[in-house]
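Working notes, structure below.
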Amino acid sequence: MIDFERFTLKNGLRVLFHQDLTTPMAVVNTLYDVGARDENENKTGFAHLFEHLMFGGSIHIPDFDAPLQNAGGESNAFTSNDLTNYYNVLPKENIETALWLESDRMLSLAFTPKSLEVQRNVVIEEFKQRYLNQPYGDVWLELRPLAYEVHPYKWATIGKNIQHIQDATMEDVRVFFKKHYHPANAVLCIAGNFELEEVKMLVEKYYGEIPAQEKNVRMLNKEPEQTIFKEKTIYRKVPADAFYFAFKMPERKNPEYYIVDALSDALGREKSSRLFVELKKEKKLCSEIQAYITGNTDVGLLVISGKLHNGVNFTDFEKALWACIGDFSKSFMSDDEMIKLVNKIRTSKEFQEQGLLNRAMNLSFFELLGDANGINEELEIYQKITVHDIQEIAKRILKQTNCTLLRVIADNNETNG
Amino acid sequence: MRQMDRYIAPPLNPIESIDFINPKVFDINPNVKLIFMSEVPNETSRVDLYFDAGTIKGEKGTASFVNGLLLSGNEEISSTQISHQMDLLGGFFESGITSEGAVISVYALRENMPALLQLIKKSISEMNCSAKEVEELVQDKKQRFQVNLQKTRFLAQRAFQHNLFFSHPDYAKVVEEDYYENVEPIKLKRFFNDNYLHGLTKVAVVGNFSQDFVDEIIDLFGEWAKEPSCEYARDFKNRVGLYAVEKSDAMQAAIRVGKILFNKTHPDYNDFQILNTIIGDYFGSRLMTNIREDKGYTYGIGSMVAEFNNFGYFMIATEVGKEFKDATLKEIKYEINRLQAELVPQRELDVIKNYLLGQLLKSADGPYSMIDLYLNAEIHDMSLEFYNESIKSIREITPERIQELAKKYLSWDEMTIVTAG
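Heads up: the sequence lines are chains P and Z, in that order. If you number the first sequence the way this note's numbering does, the last residue is 430 and the count never jumps. If you number the second sequence the way this note's numbering does, the last residue is 425 and the count never jumps.
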């Protein structure tokens with residue numbers, strides 16, 4: 014159970030406070046309701062490039078990091094297709110430094126053309142390091158536009174291509190800031206050994222004067238229901254053939270989201286999961302296999318991915334895979350399988366919630382979804398899932414017409430005998 | 005409300021002291037200890053078992069294969085059944101290996117840990133390196149190795165390790181394709197028997213457990229305790245010079261620069277860590293400021309001090325656009341020379357002092373962080389007093405001392421330099 018208090022400033026900033034009397038550290042977490050899905054299709058990679066620029070100085074403060082380091086703290090951020098999250102961890106006595114820095118960059122940015130130029134290059138190197146200079150690194154750049162027809166999830170957070178990042182201008186960045194970075198579009202979470210009144214006073218002091226702005230109404234292209242099997246085969250200089258089966262699944266706020274999550278665990282989370290046991294241990298068709306969900310806010314993907322054993326062909330593998338996942342629609346899972354899923358989830362949650370930063374980030378995320386208390390209701394939702402629920406969802410999700418398959422074929426396969 | 009001046013930073017409060025909490029320590033035998041941290045405010049728990057089963061022992065990939073086989077079962081109980089039992093208890097198992105040791109970690113809710121440890125003990129005790137499991141593991145590892153060969157960072161790290169540890173063949177050996185040929189289960193079995201069933205060197209327990217349970221853990225795993233104390237190599241010398249690994253289709257080059265150095269037992273260790281921070285161990289470091297934030301050559305560059313039982317090494321690591329490879333090496337050299345030639349400005353040093361004290365405070369926050377701090381000192385027979393020495397070192401360090409250390413330890417012609425790309 015993660016306790017929290019909630020209040021809202023006049024300018025629309027939603028604030029959460031989580032008290033932890035045991036820690037000498039404080040967390041200031043700021044979640045902005047903007048991600049890669051809010052980008053223009055011809056200017057992708059922007060939300061993430063922008064996140065880099067947020068460290069390039071704000072209206073009254075030339076450098077973000079040095080004052081925070083001077084206060085004994087550190088900061089970082091991440092961007093996804095759905096959101097952008099900035100966090101600071103520092104000794105609690107110096108929490109005002111984090112509030113001063115974060116509120117100033119919510120008020121207004123002041124980065125220079127040089128900073129834009131450099132961060133463009135940094136992001137391009139990040140693009141290479143993560144996506145282009147790794148074996149199998151570009152599969153998500155291929156899989157997204159194949160799986161999604163119109164929804165902006167069809168491009169990756171890093172962007173469709175390097176050119177989009179190269180073309181970003183100062184004006185683009187200013188427009189982006191104006192539209193997405195203001196109090197009503199953010200959730201602020203403070204965690205640490207404080208009292209509520211103290212937190213209210215400090216937040217009012219630093220954020221109270223930031224002008225209010227109307228929250229942007231999100232109008233995204235709605236992904237039509239998939240009705241045909243989609244597939245693509247790409248050839249890469251990699252040592253082993255790889256597969257990515259992506260099934261469309263409900264959005265984050267749909268109650269069925271949790272059932273699909275449990276289904277993905279049953280399929281391929283652990284070494285006792287169905288796919289691992291049947292396809293790897295028993296039939297020896299693949300060297301690795303796992304199933305997981307992308308966890309998106311809008312319509313997401315349940316993904317089964319892995320690598321074939323050398324010498325196994327896709328036809329044999331695919332036949333066996335469809336038979337294995339077909340069993341979920343045909344018969345109930347065993348009670349043991351259900352118990353395993355819930356017990357694993359329980360342990361994972363307890364460990365995740367051990368860290369102060371994780372607690373603050375999770376509260377912020379659930380508040381963005383609608384209610385921070387959602388984090389405390391999750392376990393019960395998982396516990397209520399029945400084998401019947403799993404079977405019903407498997408019938409609807411794990412079918413060919415709901416599937417996108419990307420195959421990566423090793424171009425130099427013959428040399429690896 | 006009075007309008008505040010946003011140009012002025014809020015006043016800072018210095019960190020006065022840090023509470024380091026000592027775990028309880030029990031002797032399993034004169035050389036093997038159990039370290040117990042009971043102050044856990046939630047239901048999580050972790051048990052780590054350390055073994056003298058690192059890669060310097062055994063030929064080729066033996067140590068690594070055995071580490072991967074620990075839960076592979078036998079004719080009676082399969083690896084799948086073991087996983088199934090573990091999952092029923094909601095437990096997680098990890099195993100890892102370094103040159104000088106191996107460790108397994110078990111994570112679970114407190115209520116499930118007793119049953120989980122019984123399962124782990126029984127499974128490992130009865131593991132018999134079955135031919136079927138060995139073959140599967142070797143094939144999987146071979147494929148992973150082939151994937152790794154496509155990564156410039158892997159190629160660079162491999163070549164760096166080879167040249168860094170050149171004086172000691174056991175440490176300098178790197179994985180080759182032939183590691184995966186003709187693996188004999190009987191040899192693995194022997195290694196397993198010698199270094200796991202008689203190779204336990206330490207146990208660490210975190211969780212709100214009773215003393216009785218700790219005694220049970222000692223009873224359960226005590227028979228694996230290693231009798232003689234461990235001896236490790238010393239007097240390392242890296243092979244200096246530039247070594248380039250060719251990977252013509254790479255878009256980025258991986259770079260490693262470093263040399264053999266010392267561990268916590270050396271009197272210059274604490275002060276050198278501050279120099280290391282200035283060079284590349286925080287976001288505002290000299291290397292990040294120059295090579296990322298000014299030039300945009302890389303997504304990240306960092307430096308570190310790695311520690312072994314009797315020595316350590318210093319390393320700078322990055323991946324840069326291939327067209328920036330030479331320019332990056334030039335800038336790394338420039339930054340090291342600058343630390344030798346010029347005093348660090350007091351303002352920069354003050355920021356680092358505050359930053360490091362804040363990080364030390366954070367690394368003592370919570371039972372898991374605390375036991376890791378303790379273990380990092382304990383491995384060198386040092387107590388938590390070491391960290392009070394670190395605080396003293398941070399408070400007292402001067403620009404002159406930083407320059408002295410840069411001159412003493414960071415001579416460019418003592419470096420092993422590797423590029424891959």
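Glycine included, C-beta positions come from ideal geometry on N, C-alpha and C.
Give a yes or no on whether the minimum CB-CB distance between Gln344 of chain Z and chain P is below 7 Å.
False, the Cβ-Cβ gap to chain P never drops below 7 Å.
In this structure, how does DSSP classify Ser397 of chain Z when only helix, strand and coil are distinguished?
helix
My assumption, with CB atoms under 8 Å, is that Ala204 of chain P sits in contact with Ala373 of chain P. Please give the rounded CB distance.
4 Å
Restricting to Cα atoms, I'd like to know which of Z:Glu404, Z:Phe24, Z:Val29 is closest to Gln215 of chain Z.
Z:Val29
Establish whether the CB of Thr21 of chain P and some CB of chain Z are separated by less than 7 Å.
no
Length of the line joining the Cα atoms of Val324 of chain Z and Asn242 of chain Z
Counting only the Cα atoms, Asn242 of chain Z lies some 24 Å from Val324 of chain Z.
Buried/exposed call for Glu335 of chain Z, threshold 16 Cβ in 10 Å
With 16 or more other Cβ atoms inside 10 Å of its own Cβ, Glu335 of chain Z counts as buried.
By Cβ distance below 7 Å, which residues in the same chain neighbour Glu64 of chain P in space, the five residues on each side in sequence not counted?
Excluding positions up to five away in sequence, the list reads Ala90, Thr92, Thr97.
Residues of its chain near Leu365 of chain Z, where Cβ-Cβ distance is below 6 Å and the 5 sequence neighbours each way are ignored
Ile19, Ile22
Just how far apart, CA to CA, sit Thr21 of chain P and Val28 of chain P?
Distance between the alpha carbons of Thr21 of chain P and Val28 of chain P: 6 Å.
Just to confirm my understanding: we take Ser87 of chain Z, look at its own chain, exclude 5 residues before and 5 after, and list those with CB closer than 6 Å. What are they?
none
Output needed for Asn426 of chain P: all residues of its chain with C-beta closer than 6 Å, excluding positions within five of it in sequence on either side, in chain order.
Low local confidence applies: a pLDDT of 48 at Asn426 of chain P is under 50, so the model's placement there is unreliable, with the coordinate-based value given in what follows. If we look at Asn426 of chain P and ignore the five residues flanking it on each side, it has no Cβ neighbours.
Interface residues of chain Z around Ser285 of chain P at Cβ under 7 Å?
Thr84, Ser87, His88, Asp91
From this set, Z:Asn116, Z:Ala208, Z:Glu181, Z:Lys126, which residue's C-alpha is nearest Pro371 of chain Z's C-alpha?
Z:Ala208
Residues from the stretch 60-79 of chain P in contact with chain Z, defined by Cβ distance under 8 Å
Ile72, His73, Ile74, Asp78, Ala79
So, at 6 Å on beta carbons, what are the nonlocal neighbours of His195 of chain P in its own chain, with the 5 sequence-adjacent residues on each side left out?
Gln226
Rounded to whole angstroms, what's the CA-CA distance from Phe276 of chain Z to Arg405 of chain Z? Just pull it up for me.
Roughly 9 Å separates the two Cα atoms.
Any idea which residues DSSP pairs Arg50 of chain Z with across the strands?
Z:Tyr111, Z:Val210
Classify His177 of chain P: buried if its beta carbon has 16 or more other beta carbons within 10 angstroms, exposed otherwise.
buried
Taking the CB atoms as reference points, tell me whether Thr423 of chain Z and Lys329 of chain Z lie closer together than 7 Å.
yes
List the residues of chain Z that Gly324 of chain P touches, going by C-beta distances under 7 Å, in chain order.
The contacting residues do not exist; Gly324 of chain P stays about 10 Å from chain Z at best.
Which runs of the alpha helix (DSSP H), 4 residues or longer, sit entirely within the stretch 342-421 of chain Z?
350-367, 371-382, 389-400, 403-413
Cβ of Phe240 of chain Z within 7 Å of Cβ of Ser171 of chain Z?
Their beta carbons are under 7 Å apart, which means Phe240 of chain Z touches Ser171 of chain Z by this criterion.
What number of angstroms, rounded off, separates the C-alpha of Ser82 of chain Z from the C-alpha of Lys412 of chain P?
32 Å
Does Asp117 of chain P have its Cβ less than 7 Å from a Cβ in chain Z?
yes
Confirm, please, whether the CB-CB distance from Phe140 of chain P to Ile171 of chain P is below 7 Å.
yes
Neighbourhood of Gln404 of chain P by C-beta distance below 7 Å, restricted to the same chain and skipping five residues each side:
Phe341, Ser342, Phe345
For my contact list, Gln367 of chain P and Phe207 of chain P are in at a C-beta cut-off of 8 Å; report their separation, rounded to the angstrom.
Contact doesn't hold; Cβ gap of about 20 Å is too wide.
Below 7 Å between beta carbons is the criterion; list the residues of the stretch 12-37 of chain Z that meet it against any residue of chain P, in chain order.
Ala13, Pro14, Leu16, Asn17, Ile19
Neighbour list for Lys155 of chain Z in chain P, Cβ cutoff strictly below 9 Å:
Asn146, Gln147, Pro148
The alpha helix (DSSP H) that contains Ser285 of chain P, what's its start and end?
Segment: none, Ser285 of chain P is in no alpha helix (DSSP H) and carries neither H nor E.
Can you check the stretch 322-402 of chain P for any beta strand (DSSP E) of at least 3 residues that lies completely inside it and give the ranges in chain order?
none
What in chain Z is Cβ-close to Asp349 of chain P, meaning under 8 Å?
His88, Leu92
Would Tyr45 of chain P be called buried (16 or more neighbouring beta carbons within 10 Å of its own) or exposed?
buried
Against chain Z: residues of the stretch 293-308 of chain P by CB proximity under 9 Å:
Listed in chain order, the positions of the stretch 293-308 of chain P with a beta carbon within less than 9 Å of a beta carbon of chain Z are Lys293, Lys294, Glu295, Lys297, Ser300, Glu301.
Which chain P residues are close to Gly325 of chain Z, counting only those with a beta carbon under 7 Å from its beta carbon?
Those are Glu138, Lys141, listed as they occur along chain P.
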